[in-house]
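Here the protein sequences come in this chain order: A and B. Mapping of the first sequence onto the working numbering: position 119 corresponds to residue 119, and the numbering continues sequentially without gaps. Mapping of the second sequence onto the working numbering: position 68 corresponds to residue 1068, and the numbering continues sequentially without gaps.
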Amino acid sequence: MLEIRRLRAGYGRATVLFDLDLVLNAGEVTVLLGRNGAGKSTTLKSVMGLVQPTSGEIVFEGKRIDSLAPYRIARLGLGYVPEERRIFTDLTVDQNLEVGRRPPRPDVPEWTADRVFSLFPHLAAARSRAAARLSGGEQKMLAISRTLMGNPSVLLLDEPSEGLAPLIVEHMARTIIELKRTGLAVLLCEQNLRFARRVADRAYVIETGQVRYGGTLAGLEADSTLRGGYLSI
Amino acid sequence: MSGSAILLQFLNGLAGASSLFLLAAGLSLIFGVTRIVNFAHGSLYMLGMYLAVWLSESVGFWPSALTAALAVAALGAAIEMSLLRRLYPVPELLQLLATFALVLIARDFALWAWGPEDLLGPRAPGLEDAVEIAGGRFPEYDLFLIVVGPLVLAALHLLLTRTRWGILVRAATQDRDMAGALGVNQKWLFTEVFALGALLAGLGGALSVPREPANLTIDLSVLSDAFVVVVVGGLGSIPGAFLAALLIAEVKAFAIGLGFSKATLVVEFIVMAAVLVLRPWGLLGREAAPLRGPAALEPPLALPSRNVLRALLALAAALALVPLLSRGYALVLLSDVLVFALFAVSLHFITGPGGMLSFGHAAYFGLGAYGAGLLLLRAGAPMEAALVLAPLAAGIGALAFGWFCVRLSGVYLAMLTLAFAQIVWSVAFQWDAFTGGSNGLIGVWPSAWLASRTAYYYLTLGACLAGIAILWRVLYSPFGYALRASRDSPLRAGAIGIDVRAQQWAAFTLAGLAAGIAGALYAFSKGSISPETLSVPRSVDALVMVLLGGIQTLTGPAWGAALFTWLQDSASREFDYWRAVLGAVILALVLALPGGVGGLLGGRSTR
Ligand SMILES: Nc1ncnc2c1ncn2[C@@H]1O[C@H](COP(=O)(O)OP(=O)(O)OP(=O)(O)O)[C@@H](O)[C@H]1O
Ligand SMILES: [Mg+2]
Chain A
1 MLEIRRLRAG YGRATVLFDL DLVLNAGEVT VLLGRNGAGK STTLKSVMGL VQPTSGEIVF
61 EGKRIDSLAP YRIARLGLGY VPEERRIFTD LTVDQNLEVG RRPPRPDVPE WTADRVFSLF
121 PHLAAARSRA AARLSGGEQK MLAISRTLMG NPSVLLLDEP SEGLAPLIVE HMARTIIELK
181 RTGLAVLLCE QNLRFARRVA DRAYVIETGQ VRYGGTLAGL EADSTLRGGY LSI
Chain B
1001 MSGSAILLQF LNGLAGASSL FLLAAGLSLI FGVTRIVNFA HGSLYMLGMY LAVWLSESVG
1061 FWPSALTAAL AVAALGAAIE MSLLRRLYPV PELLQLLATF ALVLIARDFA LWAWGPEDLL
1121 GPRAPGLEDA VEIAGGRFPE YDLFLIVVGP LVLAALHLLL TRTRWGILVR AATQDRDMAG
1181 ALGVNQKWLF TEVFALGALL AGLGGALSVP REPANLTIDL SVLSDAFVVV VVGGLGSIPG
1241 AFLAALLIAE VKAFAIGLGF SKATLVVEFI VMAAVLVLRP WGLLGREAAP LRGPAALEPP
1301 LALPSRNVLR ALLALAAALA LVPLLSRGYA LVLLSDVLVF ALFAVSLHFI TGPGGMLSFG
1361 HAAYFGLGAY GAGLLLLRAG APMEAALVLA PLAAGIGALA FGWFCVRLSG VYLAMLTLAF
1421 AQIVWSVAFQ WDAFTGGSNG LIGVWPSAWL ASRTAYYYLT LGACLAGIAI LWRVLYSPFG
1481 YALRASRDSP LRAGAIGIDV RAQQWAAFTL AGLAAGIAGA LYAFSKGSIS PETLSVPRSV
1541 DALVMVLLGG IQTLTGPAWG AALFTWLQDS ASREFDYWRA VLGAVILALV LALPGGVGGL
1601 LGGRSTR
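Structure representation (structure tokens):
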């Protein structure tokens, strides 16, 4: 449902992605693996319109989206959760969810605050607390919840397990699997191969802005040069 | 002061705080979301006043106040959609200049529509009387105003915390791009916020009609008041704006009540200074994320080649020969060009290589001019001594104001420089006995041996070329390199042992001194000085000169000054509304050539 073709993008004069190709199928969890600075986050930002591609195409449900403004891309059903969380710290948890709320879409079940809280019970207790006062893990959950309130059909998730305690990582993995069961397609960046293996159906390995591998996780693990050369674990 | 007099003065201050708060709150809201400091905010207030007076003749005061506020809001929305939308990606300096162009246009529009005389408004029906409070009489209307401020504060608070719109505004204030990635259409949000800010400004203006007459200079005076309030309260904080408006208005009221009405500006200045020293980001403000500098991607300033130096020397020689060819008006015009070239080069010195946006550089030009005039006329100093000492007055002014300015950066600094310049202007404008008030000083003539056009031309030529040469030379000294390092990366400059603030302070002072030389020369060449010499529009003239020539070049500002002076000389004789024409030209420059002028500034568009 999402296809990236020969994408080239970067910051200012520095090109980061070189002719990157990638496909995300409906109802599937796909993981982008790669070292620090490989261009994983830049890929997600380009899809979201936060980084302007210099060439190439990004097609979502048959429609070119590579020159649309971020808000239009979001309204088409792409939800983005940044690596740095970027929650609105001045607002309360409830207000953060309100910012993300969009009208329901016919093809996906509607997300409400209550439904989000059943996914992340931690947040329910902090509804009226200022988001600045949440822990790092809670902020990550809030960032995901906020995006879910927009009823996306594709979730772009940047390093959901980063910096979380092991117990919370496990919770996060179960959450992603749960989201997939509701029909959501997920494209996530990860450095944690174990986490990726737990949640993903397919994997891409990116190095210096190019795809080095695309296929199943089992295939990736069978390839020892890839494992040793491009991944941290 | 008796207890009841204190109470009445206090209430008076509260009433004054309300309009100030409306204005500052709008400014803060707009800046929070769009990151543009709207220099035309005072003009919206002024239009609100004029519209309210004008409409009240047909519909009465209360409906006219409401209609005026709504009309100003609609105008704000139109300005946002037609102008500001194109300005978001351009560098700060151009944004500020473009909104300042609106100030020029709005003022000439008001002049055209309502004439130069102050326009006295009606009293508010139903609130014409005064009530007895603690043995004194206090106007009912002022009591009403006292209530308006807190009411608007409460309404804004509810709007921003309880409505979806307000929550989106706050989200966009904190992280615009993230709000966009969540599906928030910033385009309309920006328009709506701007319209709300304009509504508050227009309402503030309309509601002040029963207290004071509408006049053409109120735009910049309330703007600088609002800047002071916003700097003191913390940019972006509505409660901060409220607190600061109360503080400033009370300080003013008591200064007047105690009989220091001339000193209100000084007292206001002291309060602001104290707050800035204790809390650089204002009472309730937070440290701002470093704003994009004016010259984020400037290429290094190249050392002029031998050929360029030869050409400049040849030009100087040619200028020295001009009196042999003509002793007429050309010499007068050329003298002006030289004076403004020095003025523009001194401004370029701090805005370009120094990286400090100044909207008040004319203050130092004017201090030099007034210094010369006052030394000659009031202190009886010989003309030569006055000419030499006057720039020192400007230097001292720059030293004092610069100390505060270098503590801030980006738009905060620009706001502060404008507020200081407005303070200096007000002193010159109001202090009739000393500065001649609105009439200025006359009879500022040079000594006999310099009185001929040719002699004075040579003096101007020598002094201006020397001043320009020294400023340029300084740019290529270790001090100049340290200054540019401080602009490009304050953190790294600090890390290698450069005292960034000290560099900037010294640069600010030196530029003030040079502007003072230009000002003193200007005073003696004209024989008279008017407050316009140090008005904020004069500061903007200098910025336009710098921009015309190109801020990234060394000699550009001098060419810009020549072009501007010549254009102004011809255009101001042709058009009555020269300022509006200048405003339109600025807008055209910024809009038609965002890549051109913007490219010169090293602007990058971001989404
Ligand atoms: N805002 C930016 N401006 C300039 N360069 C950037 C910016 N963000 C990232 N880069 C550069 O782009 C390259 C790719 O960065 P990106 O964030 O996409 O990597 P990543 O694969 O997500 O790495 P990580 O695992 O560290 O998150 C890096 O070399 C980085 O330095
Ligand atoms: Mg990343």
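We put the beta carbon where it would ideally sit given N, CA and C, even for glycine. Remember, predicted model here, so these are calculated numbers, not experimental data.
- Only buried fits Leu1023/B, as 16 or more other CB atoms lie within 10 angstroms of its CB.
- By the C-beta criterion, the stretch 1324 to 1338 of chain B is judged not to be in contact with the stretch 1435 to 1450 of chain B, since fewer than 3 inter-stretch pairs fall below 8 Å.
- Scanning Arg1170/B, Ala1341/B, Ser1358/B and Asn1012/B for the CA closest to the CA of Trp1566/B turns up Ala1341/B.
- As the crow flies, the alpha-carbon of Leu1027/B is around 21 Å from that of Leu1265/B.
- Nearest CB-CB separation between Val93/A and chain B: not below the 8 Å threshold.
- With a cut-off of 8 Å on Cβ pairs, the stretch 1181 to 1192 of chain B is not in contact with the stretch 118 to 125 of chain A, counting fewer than three such pairs.
- Taking a Cβ-Cβ threshold of 8 Å, the residues of chain A close to Gly1183/B are Tyr71, Ala74, Arg75, Gly100, Arg102 and Gly150, in chain order.
- Where Ala1245/B is concerned, the enclosing alpha helix (DSSP H) starts and stops at Ile1238 to Gly1257.
- The beta-carbon distance between Tyr71/A and Gln1186/B, rounded to whole angstroms, is 7 Å. This is short enough to meet the 8 Å contact definition.
- Taking all protein chains in view, the Cβ of Arg1484/B is crowded by 16 or more other Cβ atoms within 10 Å, so the residue is classified as buried.
- At least one heavy atom of ligand 2 falls within 7 Å of the beta-carbon of Asp158/A.
- If you draw a straight line from the Cα of Ser1535/B to the Cα of Phe1242/B, it is about 28 Å long.
- The residues Leu1011, Leu1014, Ala1015 and Ser1018, in chain order, have a CB closer than 7 Å to that of Ile1146/B in the same chain once the five nearest residues on each side in sequence are set aside.
- Residue burial is scored here from C-beta neighbours: Ala1073/B has at least 16 other C-beta atoms within 10 angstroms and is therefore classed as buried.
- When Gly1443/B, Arg1473/B and Leu1543/B are compared, the shortest CA-CA separation from Thr1351/B is found for Leu1543/B.
- When only Cα atoms are considered, Ser1570/B and Gly1380/B end up about 36 Å apart.
- For Asp1177/B, the chain A residues whose Cβ falls inside 9 Å of its Cβ are Leu50, Pro70 and Arg86, in order along the chain.
- Judged by DSSP in its simplified three-state form, Ala1451/B adopts coil rather than helix or strand.
- Identification of residues in the stretch 1149 to 1178 of chain B having a C-beta nearer than 7 Å to some C-beta of chain A yields Arg1164, Ile1167, Leu1168, Arg1170, Ala1171, Gln1174, Asp1175, Asp1177 and Met1178, given in sequence order.
- Nearest Cα to Glu159/A within the set Gln191/A, Tyr213/A, Tyr204/A and Thr54/A: Gln191/A.
- A Cβ-Cβ contact shorter than 8 Å links Phe88/A with Val99/A.
- Residue environment analysis places Ser1208/B among the buried positions, since at least 16 neighbouring C-beta atoms fall within 10 angstroms of its C-beta.
- Along the stretch 124 to 154 of chain A, going in chain order, the ones with a CB nearer than 8 Å to a CB of chain B are Arg146, Thr147 and Gly150.
- The stretch 195 to 215 of chain A and the stretch 33 to 44 of chain A touch, with no fewer than 3 CB-CB distances between them shorter than 8 Å.
- Using a Cβ-Cβ cut-off of 8 Å, Gln1186/B is close to Tyr71 of chain A, given in chain order.
- By the criterion of at least three beta-carbon pairs nearer than 8 Å, the stretch 1398 to 1406 of chain B is not in contact with the stretch 1469 to 1478 of chain B.
- Residue contact check for Gly1180/B against chain A: a CB pair falls below 8 Å.
- In chain order, Arg1170, Ala1171, Thr1173 and Gln1174 make up the part of chain B whose C-beta sits under 9 Å from the C-beta of Asp90/A.
- For Glu3/A, the enclosing beta strand (DSSP E) covers residues Leu2 to Tyr11.
- Annotation for Lys180/A indicates a beta carbon at 7 Å or more from all heavy atoms of ligand 2.
- Residues of chain B with a Cβ closer than 7 Å to the Cβ of Tyr80/A are, in chain order, Ala1181.
- Boundaries of the beta strand (DSSP E) around Val211/A: Gln210 to Thr216.
- At a cut-off of 7 Å, the beta-carbon of Lys40/A counts as near ligand 2: some heavy atom of the ligand is closer than that.
- Following the DSSP letters along the chain, one finds Val99/A in no beta strand (DSSP E) but inside the alpha helix (DSSP H) bounded by residues Val93 to Gly100.
- If you check the C-beta of Cys189/A against ligand 2, you find a heavy atom less than 7 Å away.
- For Gly1060/B, no alpha helix (DSSP H) encloses it, and the DSSP letter there is neither H nor E.
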